[in-house]
Structure formats: structure tokens, C-alpha cells
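What follows is a set of notes on a single structure, which appears directly below.
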Amino acid sequence: MDHIVQINVKTLAPPEPMVKILKVLSTLSEHQLLKIYHRREPFPLYEQLEILGWDYHCKRKSDDDFELYIYKPENKALLKQQLKLADE
Amino acid sequence: MKLTGLSFDALPPIDIPFRYFLTAPIFALLSAIIVLIYGEVIWMSRWHPTTILLTHSFTLGFITMVMMGALYQILPVVGGVGVSRVRFVGAICHALLFIGTFALMSHFVYQQYWLKVSAFIALGLCFCLYILAISLVLIKRLSQGDTIVGIRLAIAALFFTVCLGLLMLGRTIGVEFLSSSKSYTDIHMLWGLGWVSLLIISVSFQVVPMFHVAPNFPRWIMKLIPVGIFILLVSLLMLTPSSKVILTVAGGVLLLHCIYVWSLISILRQRKRKIPDTTIKFWQLAAYTIFVISGFSIVPIEFLPKYLTQKYSLLIGASFIYFFILSVLIGMLLKIMPFLSYTHLQQKCLMNFTAMEYLPNMHDFINKSQGNKLFVMHVVSGISLLVTIIFPYLYYIFSFALFVEFSWLFFLMLKTMNIYYKSAKKIQLASQ
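Heads up: the protein sequence lines correspond to chains W and B, in order.
To convert a position in the first sequence, counted from 1, into the working numbering, add 1.
To convert a position in the second sequence, counted from 1, into the working numbering, add 10.
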């Protein structure tokens, strides 16, 4: 099983990005991390992630290029590993 | 990074923006009745009390009502922070705006002192509370810089519009801080249109690329246009008011609008999802209107027929309000109302994914055919407005077209709310 699941929602119009992200999250195991390629910072999603007990980290690459990582709080090491890889 | 300090529960309860949206068409329907009752006299001069009555019914009752309601929702989506105590602020401001607008409109009809005082107090309190609540959000360090800068300028423009409006109203109830010059009315009007335009333009920097999967607006457009419009409006306060100064500033503002809509059309052409969408038709109508108004205003007045020159400023003002501002607002309502309903329902399914089966399709709220009918009605009522300005005896056609259009919009809003509450009930039952 891959530890990283990646999806790209850049070409989807609201509310499809949130629907797709929540659908993928419902199938994600607690040991996996979801990496999302997004055009904007999805503030309304954060509230929903908080309710569901997921942590997130958003990395802005440019005005219309964001990478969002969603993970369980106990998997923070996996996030650090991913961010290190992304920086390299 | 994770935003610590991000205010959860930032998204307002759905009934807050919806109460503003549902009240707005009532004022548009009242406007249709005003047109029918007062007939030709409204179109004789822009200074006639019934003309001012109609203008405020639209600008305060419909336009400001929709924009104030929408801003509660836009701020948390764009900036990540919402208005605190939103239920209290939203409900009080809505009630005060409703009462104040109604009192102001009644004052233009009955000319009663107590109506003027009521309008002065209610609108004064409403805008004080609203501007304070929104400013407390805007002073924070928020994401999406250019849009937030534009919204800050829009709120500043609202502040100046309200101050001028209250000072002019105050003059008639003994609070005399302002001399009686008709130029102040022009400045009040330009600042008012400025507040609406600044908000529309700034918010479009986010919502057009987001909803239509289009490229971002060029950075220089996002930086230059709102600041440029605001500087021109500020110059109105610095310079001695005269018709020449007002015309020059209005020309500059129109030129900046032309640059903006040229960019808007360009990015809409480059959108990735080229599916038919009524909201795009409304954006395009708004954009081409600016070109037509600009073309009309650069033609030397001696080349225009007399029936157009007599109503020159009324025609330009009405076209700007009806075909630019109202087109954008109605187009956005068609997009925002189903989106908000869907998002709030989806949130109710979070703890129980099996309830997702009760989630309606986005198109169930307002379908394409219903949206298209609204677009046709809007074009017809807009044309009938311009025809009525030129030939006032045809006022009843405009009244009828206006009534039909906004009855239809009101029906679509009620339908959306009905589907929302029915679905919310099903989701709640499934979650028990």
C-alpha cells in the first residue's frame, strides 16, 4: 500500500474539489497521507478537516499553485519526509 | 503551513446571507410598483423625489442588500477569517437596513419629518455596525492580498458614500454640516457606484477563475484597477466640486472599467471548462455594457439625436446600474445560492457519509433552463428601462418586465431554500 495518495483538483470547479477530496479521505487509511494539487488555498475545507480529525499543511508555490497535505496527527513524520523530498 | 488562528465556524450559518438575498427581490418588486404608480414623472429629471425614491429602492434595497449579505460569506472563503458574532451582526444589520431603506423610501413619498429621522438613525446604525464588523476582519493579515486590498477599498468607499448620504439627509433634519450643493449628490452617487464596482471587481479576481476554471487576472490588473478607481474617487473629495471635475473623474473611472472588462473577457475566453453557463452570459453582458457606455460617452454630444441628449446622464447611469452592476449580482446569485446550499448540506453529511445519498445535485437547485430564462428576462427588462427613459409614456412595459424578472428570481431563491431545508431534514433523520 502506498503511503502517499495524490490527486489533482486544479481543473475542477467548486464544489467538486471539496467533494473529491472528502471522498478520497473517506477511503484513506490512517497511515496514509493525501497530497492535493490545488489552484487556491481551500479555507472552507479546513473547517471540515478539523471536524473529521485530520491535520493539514498548505504550501503555496505561486498564486495559482498550492500543494495541500492531509494526514492524521500521529503521521506528522510522514509529512516531514514528504516536504523534505519536495524541497530536494 | 497550518493556519493557527484560523477562525473555525468562520463560515456563517446559511440563513445569514440568505436573509439578505431573499429580501433584495422584495425591493426590486416594490420598485416595479413605484414605476407603475408614479408613471412618467419619474423619468422627467433625476432630481425628482420619485426618481430618487426609485434609485434608492434599487441601490440600497437590492444592490447593497445583496452585497452586504454576500460579504459575510466571501471573507471566510477568500481570506480565511469570518466576521465574529456573525449571527448577531448579520441579523441586526439586516433588520436595520430593511427598516432604514423602507423609511427613506417612505420619506421620499410622504415627506414626513419622523420618517427622515427614522431613516437617518436606522441606516446610520446599520452601516456603523457593519463597517466596524467587516473592518475588524480586514485589519487582520489575510491571504489573497489583491482581493483583500480591493475589499478594504470598497469598504472605505462605502464609508464615504454613507457619510455623504447621511450628511445630505441630516441637512433636512437640522444637522447641517454640508452646504446645499447639487455636486454633493453627484459625489455621493459616484462613491456609491465606486463601492459596488470596487467590491464586484475585487471579488471577481477570485470567483471568476475559481468558478469557471479560468486563468488568474494579470497581476497588474489586480493591483492597478481597484487602487486607480479609489484614487480617482478620493480626488473628488480633494478638489472643489464642479461638474467639470465630476465628469473628468467619471471618465477616468469608466476608462479603468474598460481595462478591467477587457481583461475579464480575455480570461473568460481562456477558461478550461467551456460548458454553457448562464453566469458567464451575465458576466459578458456586464463587460460589453461598459464598452457600449464608453462608446456612447465619447461621441460628441452635438452628434447625438435630441431625444438622447436630453436624458444623457440618466441613460448612462441606468445602463451602468442595470446592465453592469445588476447583471453581475444576478449572475453571481445564480452561482452562489446553489453552491452555498450544497456546501452547507455536505457539511451536515460529514459525520455520516451514508447520508450523502440525500445530497441533491447542484443543478437540482437552479437548472440551466431556469437560469437562461432569468437572463432573457433581465435583457428584456433592461431594454425596456432604456426605452422608458427615452419615451416615459412606455413606463408600464418596464414596470411589467421588472416585476416578472424579479418575481422569477424570488421564485428561484425560494425553490433553492425549499430544497435545502427538505434535504437538511432528510440528512438529519438519516444521521440519528
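In this text, a Cβ means the ideal position worked out from N, Cα and C, and glycines have one as well.
Same chain, Cβ closer than 6 Å to residue i, neighbours up to 5 away in sequence not counted
{"i": "Phe187(B)", "result": "Leu177"}
{"i": "Tyr48(B)", "result": "Thr60"}
{"i": "Gly456(B)", "result": "What the structure shows of chain B is the stretch from 11 to 442, and residue 456(B) is not part of that stretch, so it cannot be assessed."}
{"i": "Lys60(W)", "result": "Glu68"}
{"i": "Leu16(B)", "result": "Note that Leu16(B) has pLDDT 38, beneath the 50 cutoff, so the model's placement of it is unreliable and no number is given."}
{"i": "Lys11(W)", "result": "Tyr38, Arg40"}
{"i": "Pro225(B)", "result": "Ile277, Gln280"}
Three-way DSSP call (helix, strand, coil) for residue i in this model
{"i": "Phe187(B)", "result": "coil"}
{"i": "Leu35(W)", "result": "strand"}
{"i": "Gln83(B)", "result": "helix"}
{"i": "Leu125(B)", "result": "helix"}
{"i": "Asn371(B)", "result": "coil"}
{"i": "Thr7(B)", "result": "Coverage of chain B is limited to positions 11 through 442, which leaves residue 7(B) absent and any answer about it impossible."}
{"i": "Ala224(B)", "result": "coil"}
{"i": "Gln280(B)", "result": "coil"}
{"i": "Asn382(B)", "result": "helix"}
{"i": "Val172(B)", "result": "helix"}
{"i": "Ser17(B)", "result": "Reliability fails at Ser17(B), whose pLDDT of 41 lies under 50, so the model's placement of it is uncertain and the value that follows must be treated cautiously. In this structure, Ser17(B) counts as coil in the three-state DSSP scheme."}
{"i": "Glu89(W)", "result": "coil"}
{"i": "Met361(B)", "result": "coil"}
{"i": "Arg41(W)", "result": "coil"}
{"i": "Leu29(W)", "result": "coil"}
{"i": "Lys12(B)", "result": "Per-residue confidence for Lys12(B) stands at a pLDDT of 43, beneath the threshold of 50, marking its modelled position as unreliable; the derived number appears in the next sentence. If DSSP states are grouped into helix, strand and coil, Lys12(B) belongs with coil."}
{"i": "Asn377(B)", "result": "coil"}
{"i": "Arg162(B)", "result": "helix"}
{"i": "Gly180(B)", "result": "helix"}
{"i": "Gly90(B)", "result": "coil"}
{"i": "Pro22(B)", "result": "coil"}
{"i": "Ile9(B)", "result": "The first residue shown for chain B is 11 and the last is 442, placing residue 9(B) beyond what the model contains."}
{"i": "Lys21(W)", "result": "helix"}
{"i": "Gln82(W)", "result": "helix"}
{"i": "Lys77(W)", "result": "helix"}
{"i": "Ser207(B)", "result": "helix"}
Cβ-based neighbour list, residue i, same chain, cut-off 8 Å, excluding 5 preceding and 5 following
{"i": "Phe301(B)", "result": "Cys268, Val271"}
{"i": "Ile400(B)", "result": "Tyr317, Leu318, Lys321, Leu325"}
{"i": "Glu50(B)", "result": "Pro402, Tyr403, Tyr405"}
{"i": "His58(B)", "result": "Val51, Ile52"}
{"i": "Gln83(W)", "result": "Ile5, Leu34, Lys36, Tyr70"}
{"i": "Ile24(B)", "result": "Leu350, Ser351, His354, Tyr430"}
N-terminal and C-terminal residue of the beta strand (DSSP E) that residue i is part of
{"i": "Lys432(B)", "result": "From DSSP, Lys432(B) is part of no beta strand (DSSP E) but of the alpha helix (DSSP H) over 405-441."}
{"i": "His58(W)", "result": "56-63"}
{"i": "Leu69(W)", "result": "66-72"}
{"i": "Gln7(W)", "result": "5-9"}
N-terminal and C-terminal residue of the alpha helix (DSSP H) that residue i is part of
{"i": "Ser55(B)", "result": "Element bounds for Ser55(B): n/a, residue is neither H nor E."}
{"i": "Phe98(B)", "result": "96-120"}
{"i": "Glu48(W)", "result": "44-53"}
{"i": "Leu32(B)", "result": "25-48"}
{"i": "Tyr317(B)", "result": "316-319"}
{"i": "Ala14(W)", "result": "Element bounds for Ala14(W): n/a, residue is neither H nor E."}
{"i": "Ser245(B)", "result": "229-248"}
{"i": "Met347(B)", "result": "336-358"}
{"i": "Val51(B)", "result": "Element bounds for Val51(B): n/a, residue is neither H nor E."}
{"i": "Ser329(B)", "result": "322-329"}
{"i": "Gly305(B)", "result": "288-308"}
Contact set for residue i: own chain, Cβ-Cβ below 7 Å, skip 5 residues either direction
{"i": "Phe413(B)", "result": "Leu39, Ala42"}
{"i": "Gln356(B)", "result": "Leu369"}
{"i": "Leu266(B)", "result": "Ile235, Gly238, Ile239"}
{"i": "Leu13(B)", "result": "For Leu13(B), the predicted model reports a pLDDT of 42, less than 50, meaning its position is unreliable and no value from the coordinates is stated."}
{"i": "Ile144(B)", "result": "Leu81, Val93, Ile165"}
{"i": "Leu174(B)", "result": "Tyr194, Ile197, His198, Trp201"}
{"i": "Ile437(B)", "result": "Leu355, Lys358, Cys359, Ala365, Tyr368"}
Residue i Cβ short of 7 Å to the ligand NAP heavy atom set
{"i": "Gly341(B)", "result": "The ligand NAP is not part of this structure, which contains no ligands at all."}
Beta-carbon neighbours of residue i, restricted to chain A and to distances below 8 Å
{"i": "Met220(B)", "result": "Among the chains of the structure shown, chain A does not appear; the protein chains present are W and B."}
- Query: Taking contact to mean at least 3 C-beta pairs separated by less than 8 Å, is the segment 365-377 of chain B in contact with the segment 318-333 of chain B?
  - Reply: Touching, no.
- Message: With three or more beta-carbon pairs closer than 8 Å as the criterion, would you say the segment 72-79 of chain W touches the segment 30-37 of chain W?
- Response: Cβ pair count under 8 Å is three or more, so yes.
- Decide yes or no for the touch test of the segment 279-292 of chain B against the segment 230-242 of chain B: beta carbon pairs closer than 8 Å, at least 3 of them. The answer is no - the segment 230-242 of chain B does not touch the segment 279-292 of chain B, with fewer than three Cβ pairs under 8 Å.
- Item | Contact set between the segment 48-80 of chain W and chain B, restricted to residues whose Cβ is under 9 Å from the partner | Those residues of the segment 48-80 of chain W that come within reach of chain B (Cβ to Cβ, closer than 9 Å) are Glu48, Gln49, Glu51, Ile52, Leu53, Asp56, Tyr57, His58, Cys59, Lys60, Arg61, Asp64, Asp65.
- Message: Tell me whether the segment 211-222 of chain B and the segment 168-176 of chain B touch, counting them as touching only if at least three CB pairs, one residue from each stretch, are closer than 8 Å.
- Response: Taking 8 Å as the limit for Cβ pairs, the verdict is that the segment 168-176 of chain B does not touch the segment 211-222 of chain B.
- Task: Report the residues of the segment 3-15 of chain W with a CB closer than 9 Å to any CB of chain B, ordered along the chain.
- Result: Within the segment 3-15 of chain W, the qualifying residues are Lys11, Thr12, Leu13, Ala14, Pro15.
- Message: Measuring CB atoms only, is the segment 288-295 of chain B touching the segment 332-344 of chain B, in the sense that at least three cross pairs come out at less than 8 Å?
- Response: Yes: at least three Cβ pairs fall under 8 Å.
- Task: Using a Cβ-Cβ cut-off of less than 9 Å, list which residues of the segment 370-394 of chain B approach chain W; keep chain order.
- Result: Only Met372 from the segment 370-394 of chain B bring a Cβ to less than 9 Å from some Cβ of chain W.
- Segment contact, 8 Å Cβ cut-off, at least three pairs: the segment 192-209 of chain B with the segment 128-139 of chain B: Contact between the segment 192-209 of chain B and the segment 128-139 of chain B is absent, with fewer than three C-beta pairs closer than 8 Å.
- Message: With three or more beta-carbon pairs closer than 8 Å as the criterion, would you say the segment 326-336 of chain B touches the segment 377-385 of chain B?
- Response: Taking 8 Å as the limit for Cβ pairs, the verdict is that the segment 377-385 of chain B does not touch the segment 326-336 of chain B.
- Item | Residues of the segment 278-312 of chain B whose Cβ lies closer than 7 Å to any Cβ of chain W, in chain order | Listed by position, the residues of the segment 278-312 of chain B near chain W (Cβ gap below 7 Å) are Lys282, Arg283.
- Query: According to a CB-to-CB cut-off of less than 8 Å, which residues of the segment 27-45 of chain W neighbour chain B?
  - Reply: Answer in chain order: Ser27, Arg40, Arg41, Glu42, Phe44, Pro45.
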